[in-house]
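Peer 1: Could you have a look at this structure, given as structure tokens, before my questions?
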Amino acid sequence: MNFAPLPSVDAASVPAGALVLDVREDDEWAAGHVEGALHVPMSAFVARFGEVTEAVEDGRQAFVMCRVGGRSAQVTQYLVGQGIDAVNVDGGMLAWEGAGRPMVTDDGSPAYVL
1 MNFAPLPSVD AASVPAGALV LDVREDDEWA AGHVEGALHV PMSAFVARFG EVTEAVEDGR
61 QAFVMCRVGG RSAQVTQYLV GQGIDAVNVD GGMLAWEGAG RPMVTDDGSP AYVL
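Each residue of the sequence shown is one higher than the last, beginning at 1 in this note's numbering.
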């Protein structure tokens, strides 16, 4: 079987204001995340798929992110297979933090990557 290469981008190249889809689990999200990101944990992805399709229905590209890029690569592959314009963020939140991109928490505590 021949698979097309997975669309991917480095964290520094994600445009400001882009739709970031964070597929990490709740504890990882709570530690720190991209402001305005859509949080749909991979473990609940199929059940919450409608939230994702709503977010991209205007043709927005989804930048899919996890901690290092493994889970997000699987989700990106699934989304592309569903005809959704999705891109995996190489290196995930660790690369995002390493590129000096801003992170937030819901409770205002210092953000970090769990």
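Beta carbons: idealized from backbone N, C-alpha and C, even for Gly.
All values reported here derive from a predicted model rather than from experimental measurement.
Name the two residues that bound the continuous beta strand (DSSP E) containing L94.
Peer 2: Note, L94: premise wrong, no beta strand (DSSP E); alpha helix (DSSP H) at G92 to G98.
Peer 1: Below 8 angstroms between beta carbons: does that hold for V64 and V56?
Peer 2: no
Peer 1: What does DSSP give as the partner residues of L114 in its beta bridges?
Peer 2: Answer is none; L114 lacks a bridge partner.
Peer 1: To which residues of the same chain is V89 closer than 8 angstroms at the C-beta, ignoring the five residues directly before and after it?
Peer 2: S8, V9, D10, A11, V14, V20, F63, V64, M65, G69, S72, A95 and W96
Peer 1: Could you check which residue in G81, E25 and V113 has the C-alpha nearest to that of G91?
Peer 2: Nearest C-alpha to G91: V113.
Peer 1: How many angstroms separate the CA atom of D85 from the CA atom of L6?
Peer 2: The alpha-carbon separation between D85 and L6 amounts to approximately 11 angstroms.
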